[in-house]
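Visitor: Start counting the sequence shown at 1023; every next residue gets the next number (this note's numbering). For each residue, glycine too, the CB sits at the ideal point set by N, CA and C. What you are looking at is a predicted structure, and each value in this text was computed from that prediction instead of being measured.
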Amino acid sequence: MRFDVITIFPEIFSGVFDFGIIRRAVEAGLIEIHIHDLRDYTHDRHRQVDDRPFGGGAGMVMKPEPLFRAVEALTNEESEARVALLSPQGRLFNQQVADEYSRKRRVILICGRYEGVDERVVEHLITDELSIGDYVLSGGEIPAMVVVDAVTRLIPGALGCGDSAERESFVSGSLDYPHYTRPAEYRGMKVPEVLLSGNHAEIERWRRDESLKKTLRRRPDLIKSERVEER
Ligand code: 9WO
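1) Would you say the beta carbon of residue 1158 is closer than 6 Å to some non-hydrogen atom of ligand 1?
2) For the stretch 1208-1220 and the stretch 1067-1081, state whether three or more C-beta atom pairs, one from each stretch, are separated by less than 8 Å.
3) To which residues of the same chain is residue 1053 closer than 6 Å at the C-beta, ignoring the five residues directly before and after it?
4) Nearest-angstrom Cα distance between residue 985 and residue 1172?
5) Whole angstroms is fine: what's the gap from residue 1196's alpha carbon to residue 1098's?
6) At a cut-off of 6 Å, would you count residue 1162 as near ligand 1, judging by its Cβ distance to the nearest heavy atom?
7) Which residues share a DSSP beta bridge with residue 1056?
8) Kindly identify the DSSP beta-bridge partner or partners of residue 1133.
9) How would you write the range of the alpha helix (DSSP H) that residue 1231 sits in, first residue to last?
10) Could you name the residues that DSSP lists as bridge partners for residue 1212?
11) If you draw a straight line from the C-alpha of residue 1200 to the C-alpha of residue 1225, how long is it?
12) Per the DSSP calculation, residue 1083 is bridged to which residue(s)?
13) Quick one: Cα of residue 1110 to Cα of residue 1198, how far?
14) Using 8 Å as the cut-off, can you tell me whether the stretch 1149-1165 makes contact with the stretch 1113-1121, which would need three or more C-beta pairs spanning the two stretches below that distance?
15) By Cβ distance, which residues of its chain are closer than 6 Å to residue 1162, with the 5 residues on each side in sequence left out?
16) Cα-Cα, which of 1072, 1181, 1131 and 1049 is closest to residue 1140?
17) In whole angstroms, give me the CA-to-CA distance for residue 1031 and residue 1092.
18) Along the beta strand (DSSP E) that carries residue 1150, what are the first and last residues, could you check?
19) Under a Cβ-count criterion, where at least 16 other Cβ atoms within 10 Å of its own Cβ denotes burial, should residue 1147 be classed as buried or exposed?
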């Protein structure tokens, strides 16, 4: 899998992918991450990437030409690329979308800034508009990091033996169960007896129950949506 990120602030990404699972995935050759400065795709002396909005109003809009040039430079001949714009107007990026993306060969992530991008980019250049949640940020860079992280860990081989993708929240359609480690008692707070019992069938049942109880209490929508998909 190859990720290309198009941004006017490439420096934001320095260091973020240099740790843990993502770093290992890069080193193992499972993924490549390329960060591109949108200004490199301008042709004018001022390297201008934004302009005033037609119709007036405050703020600036990202010009179409540099974005079209950048994507076209990255996709020449390549067809199976997703071109995603990170924006609050997008489809909610959840575990299902992450899973879908993890099966692609190329993912191009466009980070918006200012008041947003020219609508012709939205209509004719991008294939997907993705939101990581219902809040306004100052740009799409942090959401792009979220997408790279969530997708990378789903690529076969990215998780070491120590990390289990099967067990994790959302993969199974429910929230994670509580975790405990030593000491067995800390300031009078005890670890549930069952976890110390060594009875693995009992432990598994307890974890499943706790997971289900927490999901019902906090995120009943997750359980409902799983039933809908089964039909
Ligand atoms: C600003 C705004 C102000 C009042 C009412 C609605 C509004 N929408 C926006 C807006 O979308 N600003 C964007 C800021 C322009 C493009 C980059 N920005 C951005 C991306 N903010 N938040 C995201 C984002 C991306 C993915 N998932 C969540 C948020």
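Guide: Let's see:
1) yes
2) no
3) 1023, 1047 and 1174
4) Given that the chain is displayed from residue 1023 to residue 1253, the structure contains no residue 985 and the question cannot be resolved.
5) 41 Å
6) yes
7) 1026
8) 1108
9) 1222-1240
10) 1207
11) 12 Å
12) 1073
13) 27 Å
14) yes
15) 1108, 1133 and 1134
16) 1072
17) 15 Å
18) 1150-1153
19) buried
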